[in-house]
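Protein chains in written order, with my numbering: chain L, 2 to 410; chain H, 2 to 410. The beta carbon of each residue, even a glycine, is placed where N, CA and C say it ideally should be. Being a predicted model, the structure only gives us computed values, none of them experimental. Below is one structure, written out as structure tokens; comments come after it.
Encoded structure:
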């Protein structure tokens, strides 16, 4: 087996960064550009500089810590984000940064020669928990969102704008430092799976082929509100009864499509939502994801084929945003898979159901992701957990893939 | 046909009182003891005194406007409330007051002899829309609620207590004026049906035999929250899917009990209620009402027989308050029915599904209610409506029933 990262050092990194925004009883709240996030940034900078890396930031606070290579080649970049959701955990995002740092630290401290410069990266405000939307900075860099519009976004539940928080952070650097096609040639993003598949199947690594496409709809039932005590059942047009029927029908019909289609009715709004009044209005969300866009087209057909009336209630739907399936780079995927095999880890090729900065980056640079298992499939919660060994496995795969790419590209 | 109320005068009363708290576009907001409610009280007092009635109030602001009879007998009392819900209509509550006033005005202006004193009554804060709970004042008079505790209740969405509002209103009178068993011997409450039955069956009057009993439960489903994009359907424990199934099962099972059982799942709370997260917690209300307590016992059996697990989610339930069925006075019911027949109005004997002050009063005095149709079965809405003729019909039935009772009791 080739060179390995240090399990102890990897674990120390996770433990050290778990302090920034730590909550009593475990987990963290480390919203983008808040004090705990700035402490984590400062600690990362200190560690990178101690390794002799040069730390820069671009105009939206994305961090690039670089160690030079032996040749004048474009850089490899690897990382993720260090912000969390409210009451989040110690792995989602930060693991990608720390495993990248551990891989580079191994290369530096072991004196492993590398032709390409290697950059550890942090994306600002990936979660969107403080400033909507999620993946804001990679979206800006890839031209998905207008920077000026994003700078004007006010924090959820507060008064500070993203622009104000950025200016106050001291991390607003030069626009020319942004990730670009000329100076970089490959992007690697390790991440926790955020789902149960690896754990359930007893696998150590997910070699991530892409990010699945998705569709988002709201489904609306409109009935008539009436008094709970005085309206015989036969006269009722109960929108919650109708919505319940539609939710179960969707489970039946969508469940009969591709077996690995995922769909979720996660959000529901009921009016007037008073226990003595028959609901006259229900709106619920439907989120469906699959790598095969033809399957998503079938989902849309199911939605369009829903009856116009359910238990006397009018059914309508609204389409929201969707995304096409993103395919990661076949060459990088090969390096990741070979590195996984060389380490002797069990693995599967799989798609990410969640969105990641890598999906935007993949439009600019060859990109790939590496998943490690999430205990119970949980993320965005204080109990999210991956074992020290799992964390080290992901870093080893990254290290191996980077060195293979370095030799080949 | 015996003496009749005046259709014009009845209509004028409804129109005149519709101004107090009027909303642009129709309907009213006349929360208890707010300025519009005090204006309505002042107008009622003015009208009663103009008819030679003596107006008094008790210590919680209930109004008693009395015209003496020819003998030293206990009083008949008739009325309802003049407060409304937010964005309510011009009939729920106030119709009972105004039809009572119209019946008494007819007796006075036509010089109809009557042995018993006749009292038109207004209950303070029936709706509970400003100060919870509903039927607060009849509840205090009947010993359901402690007065001191009620005085301390703070208005919904504000800072004023019921006690402060009462003191500021000028309507806090003498406790000895409260409705009591010695000075009063019969209670009549006209009201809109608040349901669709009379309209659907083409009937003019509901002779109300009582108020149906009810049970209230919360039903809780506890699953596991997980990411919408990364959790295969087979691993999900989706509390909203489970709740949808239980709601439909309840419709099936409760719908197979007595045909006139009414049940409602009107309120639902979902956590985390985010479109990208599988819900891990759903709580919904179940309100079931029937006059036969044995049927309500069957409802409870259905709830207790629900499975403990639904789609992997744990099911539990919490019992909240209930009430036994209230039976109104058979003698007064007979007078109401005879008066209805004498007027030649189509009618049915029926139970009230909604709660009314009459249900508390019936524990102290012989009581009865008279219903007129509600257009579309609607109440607690700006569009609630009964025709002038329907309003006059109810007042005629009240008039006839009061005169029959006056002769007989």
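| Item | Value |
| --- | --- |
| Quick one: which chain H residues come within Cβ less than 7 Å of residue 275 (chain L)? | 267, 268 |
| Suppose you measure from the CA of residue 291 (chain H) to the CA of residue 231 (chain L); what does that come to, to the nearest Å? | 10 Å |
| Using beta carbons (cut-off 8 Å, strictly below), is residue 363 (chain L) in contact with chain H? | no |
| For residue 350 (chain L), count the other beta carbons within 10 Å of its own beta carbon; 16 or more makes it buried, fewer makes it exposed. Which is it? | exposed |
| Is there a Cβ from chain H that is less than 8 Å from the Cβ of residue 26 (chain L)? | no |
| So with Cβ pairs under 8 Å, would you call residue 140 (chain L) a contact of chain H? | no |
| At a Cβ cut of 7 Å, what residues of the segment 90 to 106 of chain H count as close to chain L, listed as they run along the chain? | none |
| Does the segment 293 to 311 of chain H come close enough to the segment 320 to 334 of chain H that 3 or more CB-CB pairs lie under 8 Å? | yes |
| Just the chain H side, please: which residues come within less than 8 Å of residue 228 (chain L) by C-beta, in chain order? | 195, 196, 354, 355, 378, 380, 381 |
| In this structure, how does DSSP classify residue 59 (chain H) when only helix, strand and coil are distinguished? | coil |
| To the nearest angstrom, report how far apart residue 370 (chain H) and residue 172 (chain H) are at their CA atoms. | 26 Å |
| Please compile the residues from chain C whose C-beta is within a distance smaller than 8 Å of the C-beta of residue 249 (chain L). | Included in the structure are the protein chains L and H, with no chain C among them. |
| Does the Cβ of residue 53 (chain H) have 16 or more other Cβ atoms within 10 Å, making it buried, or fewer, making it exposed? | exposed |
| Using Cβ-Cβ distances below 7 Å, what residues of the segment 279 to 296 of chain H are close to chain L? | 279, 280, 286, 288, 290 |
| Tell me the start and end of each unbroken alpha helix (DSSP H) in the segment 154 to 185 of chain H that is at least 4 residues and wholly inside, in chain order. | 163 to 170 |
| Looking at the structure shown, is residue 67 (chain H) part of a helix, part of a strand, or coil, going by DSSP? | strand |
| Please return the same chain residues whose Cβ sits closer than 6 Å to the Cβ of residue 186 (chain L), not counting the five positions on each side in sequence. | 75 |
| Would the segment 216 to 236 of chain H and the segment 268 to 288 of chain H be scored as touching if the rule is three or more Cβ pairs under 8 Å? | yes |
| If residue 104 (chain H) and residue 362 (chain H) are in contact, beta carbons under 8 Å, what's the gap, nearest whole angstrom? | About 18 Å; that fails the 8 Å criterion. |
| Along chain L, which residues have their Cβ under 7 Å away from the Cβ of residue 386 (chain H)? | Within chain L, no residue comes near residue 386 (chain H); the closest Cβ sits about 14 Å away, beyond 7 Å. |
| Is there a C-beta anywhere in chain L that falls below 8 Å from the one on residue 256 (chain H)? | yes |
| For a contact meaning CB atoms closer than 7 Å, what does residue 338 (chain L) contact in chain H? | The premise fails here: residue 338 (chain L) is roughly 20 Å from chain H at the closest Cβ pair, so nothing lies under 7 Å. |
| Tell me, to the nearest whole angstrom, how far the beta carbon of residue 97 (chain H) is from that of residue 29 (chain H); I am working on the premise that it is less than 8 Å. | Rounded, the Cβ-Cβ distance is 15 Å, inconsistent with contact. |
| Could you tell me whether the segment 309 to 319 of chain L touches the segment 334 to 344 of chain L, using the rule of 3 or more Cβ pairs below 8 Å? | no |
| Quick one: give me the first and last residue of the alpha helix (DSSP H) that residue 4 (chain L) is part of. | Residue 4 (chain L) -> no alpha helix (DSSP H), and no H or E assigned at all. |
| Can you pull the chain H residues whose beta carbon is under 8 Å from the beta carbon of residue 217 (chain L), in chain order? | 276 |
| According to a CB-to-CB cut-off of less than 8 Å, which residues of the segment 181 to 213 of chain L neighbour chain H? | 194, 195, 196, 197, 198, 201, 213 |
| Ordered along the chain, which non-local residues of its own chain (more than five positions away) have a Cβ less than 6 Å from that of residue 63 (chain L)? | 124, 125, 138 |
| If you drop the 5 nearest sequence neighbours on each side, which residues of the same chain put their C-beta closer than 6 Å to that of residue 215 (chain H)? | 290, 323, 324 |
| So residue 394 (chain L) is in the alpha helix (DSSP H); what residue range does that whole segment cover? | 389 to 409 |
| Rounded to whole angstroms, what's the CA-CA distance from residue 228 (chain L) to residue 275 (chain L)? Just pull it up for me. | 10 Å |
| Could you round the C-beta distance between residue 120 (chain L) and residue 66 (chain L) to whole angstroms and report it? I think they count as a contact, below 8 Å. | 7 Å |
| Between residue 81 (chain L) and residue 385 (chain H), what straight-line distance do the alpha-carbon atoms span, to the nearest angstrom? | 58 Å |
| Give the residues of chain H in contact with residue 346 (chain L), contact being defined as C-beta atoms less than 8 Å apart. | Residues of chain H passing the Cβ test: none, with the nearest at roughly 20 Å. |
| Could you tell me whether any Cβ in chain H is nearer than 8 Å to the Cβ of residue 232 (chain L)? | yes |
| Roughly how many angstroms lie between the CA atoms of residue 213 (chain H) and residue 114 (chain H), to the nearest whole one? | 36 Å |
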